[in-house]
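Just add 1433 to the spot in the sequence shown (first one is 1) and you have the numbering used here.
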Amino acid sequence: MSRTRSRRIAATALAAAALLAMAACGGNDSARHAAGGTTAPGTSGTAAPAVDALAAVQKRTSAVHSARSDGKVTVGSLATLTLKGTTDWAHGPLGTLTVTYTGGSNIGILRQGGMSTTTETRYLPDAFYTDMGPAVARQDGGKEWLKKGYNGLGKDVDDFGVAVPDQLDKASPTQELDLAIASPDVHEVGRETVRGVPATHYRGTVRPADLARRVPHVTDADRAALRKQFAASRTTAEQVDLWISADHLPVQVTSRATTGDGTLQIAVHYSDYGVAVHPQAPPAAKTLDYEQVMKESRPATTPPAA
């Protein structure tokens, strides 16, 4: 495999990892919940107490809109990665996350491309920047940061075999709350302690058909966004577990989804809600453009004969 080809694939792997990490930790949800929309009347039956409790958490989480997070993401046999950082989901992707590949077939691809298995990614409103490591910088004139915009997400990443929704700005702790509220069997599991914090554990399972019905506290627009994500990742079912503190904030969120790329498992712990988040873009002189890397690695085409 040529160096440009291996670098292209490795760059795509980094982009996929960065998107998965941000999708696990936060995006733009405060704005869309605040914007309101059409919701269904209240729920009756055994799910009603859990739905009402989670609706209060949903409102509180959207209002606070930032936190420290650490967690783990597993995508079938393709990748296992850990993440740690700070994110703000008020007005689009914003934050800094350190992602480490710890398993899966993608580790070999990164190493083949000369890239580190531990990377820092900075998420700004218009693009995200991933540190590819000193080995890449030595090959590219000191440029070690990979820049990728949020527009047109999908094709290269999807070709790499990781189901990353192109609606990145719809994913955050409040999205998991939406899913739990939309679940017909959401219920309180019990009281537990998570990292020393007393919490109430809730659980619900969601299937595509559940998102077709109107539910309280979830707008039609939010349900449409969730249906789009389920379709993009070919998700047939997702179980969501949330541990909620006495302050009505998620302490830990886990999900397990059956997707077209295998089982997607995400577990994220949240702390320090309200933390200030101010990521800075790397210097332009140290930055490579993702689209340019893709363009340079594609074989040249021969123009047709006149």
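Every residue gets a Cβ at the ideal spot worked out from N, C-alpha and C, and that includes glycine. In this text the structure is predicted, and so the values were computed from the model without any measurement.
Check: Buried or exposed by the 16-neighbour rule on C-beta atoms within 10 Å, applied to Ser1499; Outcome: buried
Check: At least 3 beta-carbon pairs within less than 8 Å: the segment 1696–1716 vs the segment 1636–1643; Outcome: no
Check: Candidates Ala1489, Met1455, Leu1453, of which the one nearest Ile1677 by Cα; Outcome: Ala1489
Check: Delimiting residues of the beta strand (DSSP E) encompassing Gly1536; Outcome: 1528–1536
Check: Sub-9 Å separation of Glu1621 and Val1673 beta-carbons; Outcome: no
Check: Trp1657 burial status per 10 Å Cβ neighbour count (16 or more: buried); Outcome: The sequence shown places Ala at residue 1657, rather than the Trp named in the question. That one is exposed.
Check: Sequence ranges, beta strand (DSSP E) only - wholly within the segment 1616–1652, length at least 3; Outcome: 1620–1627, 1630–1639
Check: Distance, Leu1527 Cα to Leu1453 Cα; Outcome: 14 Å
Check: Alpha-carbon to alpha-carbon, Leu1579 and Leu1557; Outcome: 13 Å
Check: Leu1530 vs Leu1543 beta-carbon contact at 9 Å; Outcome: no
Check: Cut-off 6 Å between Cβ atoms - residues of its own chain near Ala1512, not counting five sequence neighbours on either side; Outcome: Gly1537, Asn1539
Check: Arg1660 - DSSP class collapsed to helix/strand/coil; Outcome: helix
Check: Cβ separation of Glu1671 and Ala1654, assumed to be a contact under 8 Å, to the nearest whole Å; Outcome: Glu1671 to Ala1654, Cβ: 19 Å. No contact.
Check: Residue nearest to Asp1694 in terms of C-alpha spacing, selected from Lys1492, Val1484, Gly1509, Gln1491; Outcome: Gly1509
Check: Segment limits, beta strand (DSSP E) that includes Gly1695; Outcome: 1695–1704
Check: Selection from Ala1451, Ala1717, Met1727 that minimises the alpha carbon distance to Phe1561; Outcome: Ala1451
Check: For Arg1501, three-class secondary structure by DSSP; Outcome: strand
Check: Closest by C-alpha distance to Ala1642, when choosing among Lys1661, Val1627, Gly1629; Outcome: Lys1661
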